[in-house]
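So the protein lines, in turn, are chains B and E. My numbering puts the first residue of the first sequence at 200, with every later residue one more than the last. My numbering puts the first residue of the second sequence at 2, with every later residue one more than the last. Backbone N, C-alpha and C define an ideal beta-carbon position, used for all residues, glycine too.
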Amino acid sequence: MGIRERVATLVAEMPRVPEFPSQGATLFVDLQRRETQTAYTPLPVTRTVLASRGANMYYLYRLLDETLAPLHPDIPLIFGSGLLTGLVPSAARGNCTSWSPESGVLLDANAGDYFPSFVRMNGFDHIVLYGKAPAWTVLMIRDGVVSFEDGAQYAGMDNIELRDTIARDVGGTWKRNLAMVNITRAGENGVLTAGIMAGPKAIYARGAPGAKMGSLGLKAIVTIAPTRELPTAQSYKPYNRVIAQKLLETSVVKNALSKTGTPFLYKPSRLLGAMGTKNNQETTWTDALDAEHFDPFRPGMEGCFRCPVNCRPLNDLHKAVPGKYDKGDGPEYVTLGKFGPNLGIDSVESVIRLNNICNDLGLDTASTGSAIGWAFELFQRGIITEQHTGGLALQWGDAGMVEKLLFMMAARAGFGNVLADSTRAVENGHYPAEALKYRIAVKNLGQSDPHDARILKAFALGLAVATRGMDHLRNRVTLEINARINDNPEFKRELYGGPVSAEPTSYVDKERAVRACEDIYAVGDAVGMCRFTTKLFNSPSLPGLEEFREQLENVTGLQFTAAELERCGLNIMGVERLINHRLGVRRKDDTLPDRWFDEPNPSGPYKGEKIDRREFDAMLTRFYEISRLTSEGVPDDKFARELTSALGIDEPKGLSPQVV
Amino acid sequence: MAITVNFPAVLHPVAGESIVVRESVATVGQLLQALERLKPGIYKELDDPLYNIAVNDEILLHAVDSREVHDGDVVEIIPSMAGG
């Protein structure tokens with residue numbers, strides 16, 4: 200059955216009118232035939248997995264043909280906004296989902312800025328794209344009316360130029376009535392670290408969604424419409440004030456996020472000896488990159504639609520390094536880590552400039568930094584030489600070389616073509632098999648953040664089991680780094696629903712904390728809440744299930760208990776694991792880089808710490824047990840039946856043994 | 002006895018300050034009590050999951066109050082958070 204038949208079968212089962220107040224339609228877009236149709240996510244699906252990331256998984260499960268390849272035009276690319284997106288403070292986010300050409304497992308990336316909110320104001324909660332456009336295309340959504348525009352004149356443009364040109368051509372104003380998601384040259388060229396830009400810096404980053412969008416011949420989706428209120432079940436603004444107050448009174452927001460942003464984390468990571476340095480060969484780096492050194496280059500802060508936090512630092516380098524890349528947004532902690540210590544770079548100005556270049560080129564800084572760091576170590580070890588690099592000498596700390604490599608990657612030119620294959624460089628014949636030993640990746644996805652998790656075992660487990668690959672934003676038990684919480688066992692028990700060892704290096708009960716975080720973060724994604732302001736990620740005091748439940752009732756009229764919402768989080772993980780199972784993922788893939796098992800942490804107060812294979816395996820087994828997964832990491836029979844029944848989807852075939 | 006405590010720029014009302022505690026204290030817990038006597042209200046400010054404590058650049062993740070401190074130590078209050 201081809202994609203059109205799959206879509207037709209699906210749409211035939213879907214309601215033609217909204218199932219609840221504020222619900223937007225799902226827009227199905229056949230890019231090849233330039234046809235669209237709409238329907239609404241069925242209520243049982245919403246009750247089981249909510250929207251955005253959750254409903255995206257439902258659509259992917261229904262439409263996926265795993266006998267194809269990720270970049271085949273019959274593999275859909277799906278955008279979704281959360282149930283509270285655009286309506287609730289700090290809920291400005293949406294997810295983008297497909298089958299990743301980078302990792303080979305599910306692709307699911309999250310972004311904020313304005314597009315996820317503005318697309319809802321045009322009447323759409325989800326967009327399902329498939330078929331290859333006959334020529335570069337821009338999908339225009341103007342006051343809810345969809346049209347296919349010629350995109351040839353935009354081909355070859357990167358983010359800065361494209362945003363300027365689109366604003367001029369369309370006539371709208373960013374942040375007021377105009378929003379866009381778009382690819383750059385990197386996406387056009389199928390670079391496996393290419394994201395989909397959602398703003399000057401905002402990016403659907405992980406898993407190469409830019410390459411996927413490029414494979415469909417889609418340059419951009421543009422929305423233009425005045426902001427408007429969505430019809431809601433009842434008044435929700437009074438409770439918005441409660442949420443906003445909760446956000447702004449929380450110390451991490453008030454004193455850190457809204458003033459400096461995420462680079463604060465650099466210092467504790469380097470002091471801990473957990474700062475991934477030179478592709479994790481080392482674990483600490485210079486204090487020259489501590490957050491306060493970015494202060495002189497930060498003229499202000501920006502934010503997403505209707506978010507009171509404004510956590511995104513702007514940068515201005517024009518006095519230090521004038522030119523095209525002397526201003527921009529960021530860097531976040533991930534970019535600071537990946538383009539600072541990970542590459543042996545110790546200059547604030549260099550990190551900011553490389554950040555600005557990545558934002559223009561539409562590159563995921565996590566995967567891009569990982570690919571470059573991996574290559575540098577291979578060169579250091581002589582596993583690759585100038586014969587592989589086309590005469591380029593790859594030396595740690597050479598920011599000029601990194602800059603050159605970024606442009607080569609985006610163009611797939613010379614050695615950039617190798618780097619553009621990201622984690623697949625061995626599989627694609629560029630590097631010898633020995634190189635895999637030094638690759639810091641899980642499920643073929645390079646590590647998202649630079650934190651070396653040999654110390655904190657809960658962090659390590661989270662990175663191993665994250666469904667999209669090695670990424671901390673799916674389940675990071677961040678509060679494990681906080682002594683105030685570790686030293687209060689009763690409070691910690693309350694946070695995670697049971698005891699969790701206070702010792703960061705212990706394996707005891709860490710699975711419980713990962714499970715709790717994975718559930719609440721999945722719910723946060725599905726309602727559109729920012730991870731930074733979701734309970735447990737940065738603070739125990741931020742909005743969580745109780746606040747989501749209250750606003751879901753106000754906005755949609757749907758009633759959930761906090762426990763039911765938590766179950767939605769588990770359900771989302773369950774569907775993701777069913778999809779991954781179809782893509783060949785098994786227990787062996789829920790693991791960590793060899794380096795973390797085999798090489799002791801070389802520095803800091805936890806020098807000598809590494810991951811014990813036997814202890815890790817036992818912790819993984821416990822994680823599977825409390826997650827209702829089989830020994831192969833897929834929903835057990837009862838859980839799978841519950842999911843398929845609730846979602847009205849086919850029973851998965853060939854699930855692994857039930858013995859845990 | 003003298004233990005220097007450095008505060009981050011974000012922690013009011015001691016933003017960016019260094020305070021020298023000269024009382025005789027043996028642990029971080031006692032040091033925090035001594036700080037409270039010098040700067041009333043600071044103990045409550047520090048009872049916040051945003052802040053970690055490092056002694057001589059060793060960041061403490063648990064068992065903080067019982068951690069020994071000695072004459073000449075430098076203690077730093079470090080904001081800790083997660084990012085993307």
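Can you name the residues of chain B whose CB is closer than 7 Å to the CB of residue i?
i, result
"E/Leu62", "Ile680, Ala682, Asn685, Pro703"
"E/Ala10", "Glu491"
"E/Asp74", "Residues of chain B passing the Cβ test: none, with the nearest at roughly 15 Å."
"E/Pro50", "Leu678, Asn681, Arg683, Ile684, Ser738, Pro739"
"E/Val70", "Those do not exist, as E/Val70 stays about 15 Å from chain B at its closest Cβ, beyond 7 Å."
"E/Glu18", "By Cβ distance, chain B contributes nothing, its closest Cβ being about 14 Å from E/Glu18, past 7 Å."
For residue i, does the count of other Cβ atoms within 10 angstroms reach 16, so buried, or fall short, so exposed?
i, result
"B/Ala224", "buried"
"B/Arg375", "exposed"
"B/Gln444", "exposed"
"B/Thr364", "exposed"
"B/Met200", "exposed"
"B/Val344", "exposed"
"B/Gln646", "buried"
"B/Val858", "The pLDDT assigned to B/Val858 is 41, lower than 50, so where the model puts this residue is not dependable, and the model offers no usable value."
"E/Asn57", "exposed"
"B/His587", "buried"
"E/Ser67", "exposed"
By Cβ distance, which residues of its chain are closer than 8 Å to residue i, with the 5 residues on each side in sequence left out?
i, result
"B/Gly453", "Inspection of the sequence shows that residue 453 of chain B is occupied by Lys rather than by Gly. Leu447, listed in sequence order."
"B/Ala634", "Trp573, Leu577, Ile582, Ile583, Ala624, Val625"
"B/Asn509", "Ser457, Met500, Glu501, Gly502"
"B/His492", "Val547"
"B/Arg827", "Leu769, Gly773, Pro834, Asp835, Lys837, Phe838"
"B/Val713", "Ala657, Leu660, Gly661, Val664, Asn674, Val676, Phe822"
"B/Asp797", "Lys809"
"E/Ala83", "none"
By Cβ distance below 6 Å, which residues in the same chain neighbour residue i in space, the five residues on each side in sequence not counted?
i, result
"B/Ser549", "Ala598"
"B/Thr843", "Glu850"
"B/Thr422", "Phe317, Val318, Asn321, Ile340, Ala378"
"B/Arg786", "Glu831, Gly832"
"B/Thr534", "Asn554, Thr564"
"B/Leu777", "Pro851"
"B/Ile326", "Leu226, Phe278"
"B/Lys526", "Asp515"
"B/Asn255", "Ile277, Gly279, Asn294, Thr296"
Sorted by chain position, which residues of the same chain lie with C-beta nearer than 7 Å to residue i's C-beta, five sequence neighbours on each side aside?
i, result
"B/Cys767", "Thr247, Val248, Leu249, Gly253, Val722, Ala725"
"B/Pro498", "Leu513, Asp515"
"B/Trp595", "Lys477, Leu542, Gly543, Phe575"
So is the beta-carbon of residue i under 7 Å away from any non-hydrogen atom of the ligand GTP?
i, result
"B/Ala574", "This structure simply doesn't include the ligand GTP, nor any ligand for that matter."
Report, in whole angstroms, the separation of the C-beta atoms of residue i and residue j, which I expect to be a contact under 8 Å.
i, j, result
"B/Lys734", "B/Ile719", "6 Å"
"B/Lys355", "B/Ser316", "The amino acid occupying residue 355 of chain B in the given sequence is Gly; Lys does not appear at that position. Their Cβ separation, rounded to whole angstroms, is 29 Å, which puts B/Gly355 and B/Ser316 out of contact at 8 Å."
"B/Leu282", "B/Gly727", "7 Å"
"B/Gly389", "B/Tyr313", "27 Å between Cβ atoms; not a contact."
"E/Tyr44", "E/Pro80", "Rounded, the Cβ-Cβ distance is 17 Å, inconsistent with contact."
"B/Pro649", "B/Lys806", "In fact, because the Cβ distance is near 18 Å, the residues do not count as touching under 8 Å."
"B/Thr449", "B/Ala490", "No, B/Thr449 and B/Ala490 are not in contact; Cβ-Cβ is about 19 Å, not under 8 Å."
"B/Ala682", "E/Val65", "4 Å"
"B/Asp788", "B/Lys642", "5 Å"
"B/Leu230", "B/Thr336", "6 Å"
For a contact meaning CB atoms closer than 8 Å, what does residue i contact in chain B?
i, result
"E/Ile54", "Ala682"
"E/Ser81", "Phe463, Leu464, Pro467, Ile680, Asn681"
Please list the partners that residue i has in chain E, where partner means a Cβ-to-Cβ separation under 7 Å.
i, result
"B/Thr364", "The contacting residues do not exist; B/Thr364 stays about 29 Å from chain E at best."
"B/Tyr258", "Going along chain E, no residue has its Cβ under 7 Å from B/Tyr258, so there is no contact; the nearest lies around 25 Å."
"B/Arg730", "Gly85"
"B/Lys458", "Val11"
"B/Ser450", "Asp49, Leu51"
"B/Tyr532", "Gly84"
"B/Ala385", "Result: empty, since nearest Cβ-Cβ is about 20 Å, beyond 7 Å."
"B/Arg675", "Ala83"
Counting only Cβ pairs nearer than 8 Å, list the residues of chain E close to residue i.
i, result
"B/Arg862", "For residue 862 of chain B there is no data in the structure shown, the boundaries of chain B being 200 and 859."
"B/Leu662", "The contacting residues do not exist; B/Leu662 stays about 13 Å from chain E at best."
Taking Cβ-Cβ distances shorter than 9 Å, what residues in chain B pair up with residue i?
i, result
"E/Val65", "Ala682, Arg683, Asn685, Asp686"
Can we say the segment 816 to 825 of chain B touches the segment 12 to 28 of chain E, given the rule of at least three CB pairs closer than 8 Å?
-> no
Decide yes or no for the touch test of the segment 265 to 275 of chain B against the segment 397 to 417 of chain B: beta carbon pairs closer than 8 Å, at least 3 of them.
-> yes
Please determine if the segment 471 to 487 of chain B and the segment 533 to 543 of chain B are in contact, where contact requires at least 3 C-beta pairs separated by less than 8 Å.
-> yes
Given 8 Å, three or more beta-carbon pairs between the segment 594 to 614 of chain B and the segment 425 to 440 of chain B = no
Touch test, the segment 400 to 408 of chain B against the segment 288 to 308 of chain B, Cβ-Cβ under 8 Å, three pairs minimum = yes
Touching by the beta-carbon criterion (3+ pairs, under 8 Å), the segment 649 to 664 of chain B and the segment 699 to 707 of chain B | yes
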